[in-house]
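Numbering (full-length UniProt numbering), first residue to last: 1 to 377. Reviewing the structure listed below.
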């Protein structure tokens with residue numbers, strides 16, 4: 001049995017305290033090797049926006065840990081009570097990590113998922129997705145904390161909570177991964193970890209968002225509900241939801257269409273089958289509002305297109321009328337020139353006839369005078 005374990009790549013059970021510890025070590029080493037390889041490959045092939053975002057996350061974490069300490073939280077983290085006087089925190093809170101561990105997880109997730117989404121969407125669409133989701137996540141989390149403050153009987157715990165982090169965008173990117181490549185295995189190496197990692201080899205991209213949300217919910221619950229952990233889960237929930245709304249109704253495509261209307265990407269389809277009827281009823285008003293906004297946008301675009309076509313037709317008609325008028329003017333000018341030439345010829349002919357008539361009259365007068373003189377003689 002020991003030799004068979006060694007041949008399959010598992011540590012010998014006799015050299016470990018128990019079989020479970022040996023299995024855990026094998027799985028951890030296999031995951032570590034795969035993660036290191038994928039991260040190195042992703043870091044080399046990622047776009048400039050992904051690298052810049054990782055740099056911002058690392059820079060903010062280092063500045064808080066080494067230079068400024070918690071004093072930087074006042075200007076970069078989100079505090080519901082101060083959001084109106086410091087509106088920039090709705091944008092900066094998503095790129096500001098409070099812990100080194102969170103920064104490492106965010107950077108690793110961004111490099112891995114961004115390297116998958118960027119070839120499908122393009123760097124520009126990936127950047128727009130991250131920016132839009134980040135602002136939407138922070139705004140909805142701020143409104144949620146204000147609502148909790150009111151519904152809790154004006155408990156200042158929610159009003160002065162301070163939280164931040166990139167985990168909302170990370171949840172959004174995991175949801176986008178479910179849309180673009182749901183059936184792709186997370187660990188695509190057939191030899192990954194041997195028999196001990198068979199369950200991990202069956203893990204698919206579409207399952208990551210569920211595991212992530214469940215894991216962060218358990219972490220927030222077990223932490224005792226401190227400020228940062230409540231904000232973490234609000235960021236996760238609203239990040240995933242705002243990403244779904246954007247991808248479902250508003251993401252532009254090359255064909256001129258927007259969103260993803262497939263049944264597999266309905267909001268209720270993201271949940272277990274038993275919960276889908278309830279989720280469908282709860283999410284129906286939001287979906288109806290988004291579809292109404294989408295229809296309004298479509299009608300506005302059609303109206304602009306019709307106005308542009310009408311304007312082009314008017315311009316074409318005006319151009320045709322101008323061309324016809326120019327042709328008429330040219331014809332009239334040509335006719336006037338011809339008439340002028342004809343008048344000049346007739347005048348010259350008339351002058352020639354008048355000169356000839358005067359010459360004849362003068363000749364006859366001269367002949368008559370000569371005849372009279374001869375008669376007198």
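Backbone N, C-alpha and C define an ideal beta-carbon position, used for all residues, glycine too.
- The residue among 62, 299, 248 and 365 with its C-alpha nearest the C-alpha of residue 288 is 248.
- Under the rule that a run must span 4 or more residues, the alpha helix (DSSP H) segments found entirely inside the segment 119 to 199 read 123 to 151, 156 to 159 and 167 to 180.
- Within the same chain, and ignoring the five residues on either side of residue 69 in sequence, no residue has its Cβ closer than 8 Å to its Cβ.
- Around residue 64, the same chain offers 72 as residues with beta carbons nearer than 6 Å, after the five sequence neighbours per side are excluded.
- Excluding five sequence positions before and after residue 374, none of the CB atoms of its chain fall closer than 8 Å to its own CB.
- Taken atom to atom, the span from the alpha-carbon of residue 122 to that of residue 98 is near 30 Å.
- Taking a contact as a CB-CB distance under 8 Å, the pair residue 95 and residue 60 counts as one, their CB atoms being some 6 Å apart.
- DSSP places residue 84 outside any alpha helix (DSSP H), giving it a letter other than H or E.
- Membership of residue 67 in any alpha helix (DSSP H) is not indicated, and neither H nor E is assigned to it by DSSP.
- Excluding residues up to 5 positions away in sequence, 142, 145, 146, 149, 158, 159, 160 and 161 lie with their Cβ nearer than 8 Å to the Cβ of residue 80 in the same chain.
- With at least 16 other beta carbons inside 10 angstroms of its own, residue 134 counts as buried.
- The C-beta distance from residue 139 to residue 239 rounds to 11 Å, too long to meet the 8 Å contact threshold.
- Here the segment 263 to 274 does not lie against the segment 298 to 317, with fewer than 3 beta-carbon pairs under 8 Å apart.
- Excluding sequence positions up to five before and after residue 47, its CB lies within less than 6 Å of the CB of 118 and 123, all in the same chain and listed in chain order.
- Excluding sequence positions up to five before and after residue 294, its CB lies within less than 6 Å of the CB of 249, all in the same chain and listed in chain order.
- Within 10 angstroms of the beta-carbon of residue 179 lie 16 or more other beta-carbons, which makes it buried.
- CA-to-CA, the gap between residue 365 and residue 359 works out to about 10 Å.
- If you check the CB distance, residue 216 and residue 167 come in under 8 Å.
- Between the alpha carbons of residue 205 and residue 307 lies a gap of roughly 45 Å.
- With 16 or more neighbouring CB atoms inside 10 Å of its own CB, residue 232 falls in the buried class.
- A check of alpha carbon separations from residue 51 across 83, 335, 113 and 286 identifies 113 as the nearest.
- The Cβ atoms of residue 53 and residue 110 lie closer than 8 Å to each other.
- Residue 282 and residue 271 have their C-alpha atoms some 13 Å from each other.
- Between residue 108 and residue 58, the beta carbon gap of about 12 Å keeps them out of contact (Cβ cut-off 8 Å).
- Only residues of its own chain outside the window of five on either side were considered, and among them none has a CB closer than 7 Å to the CB of residue 347.
- Annotation: residue 265 is outside any alpha helix (DSSP H) and is labelled neither H nor E by DSSP.
- Taking C-beta atoms under 8 Å as the contact rule, residue 129 and residue 212 fail to qualify, at a distance of about 17 Å.
- Contact between residue 78 and residue 164 is confirmed by a C-beta separation of about 6 Å, below the 8 Å threshold.
- Of all alpha-carbon atoms in 185, 214 and 209, the one lying nearest the alpha-carbon of residue 202 is that of 185.
- Taken atom to atom, the span from the alpha-carbon of residue 331 to that of residue 340 is near 14 Å.
- The Cβ atoms of residue 208 and residue 177 lie closer than 8 Å to each other.
- Going by C-alpha positions, residue 301 is about 15 Å away from residue 291.
- Note: residue 252 is bridge-paired with 258 in the DSSP secondary-structure output.
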